[in-house]
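Mapped onto the UniProt record's numbering, the consecutive letters of the sequence shown carry residue numbers 1 to 77.
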Amino acid sequence: MVRIFIRGYLRWFVISALLLLAVLLVKLVFFNTSGTFSVEVYFYEITSVLLLFPLLCGLADLFKYWMKCLKERENTT
């Protein structure tokens, strides 16, 4: 069960990190016309998203695995 959670957490952590990096690059390239965009402030804002979103998705993966096991157990009895 722990392995399922860790695998789900790491998968969603990498996905969300890549998406947030893409958003950072778009903001730097296209929306930094005034020169006031601060990368440090952006990283502080996304830290909670980068930690909480994969946690919730990892728990959802664990819940799906648990429900699958319960269905299989019902079918065998």
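Beta carbons are placed, not taken as given, at the ideal position from N, Cα and C, and that holds for glycine.
Quick check on this structure: which residue in the options has the alpha carbon closest to the alpha carbon of residue i?
i, options, result
"Glu40", "Leu24, Leu19, Leu55", "Leu24"
"Leu18", "Leu50, Ala60, Cys57", "Leu50"
"Leu20", "Leu70, Lys71, Tyr44", "Tyr44"
"Arg11", "Lys68, Tyr65, Gly58", "Gly58"
"Ile6", "Ala60, Thr47, Ser38", "Ala60"
Residue i to residue j, Cα distance in whole Å?
i, j, result
"Thr76", "Ile4", "23 Å"
"Val26", "Tyr42", "12 Å"
- Message: Suppose only complete runs of 4+ residues qualify. What are the alpha helix (DSSP H) ranges in the segment 1-67, listed by chain order?
- Response: 2-30
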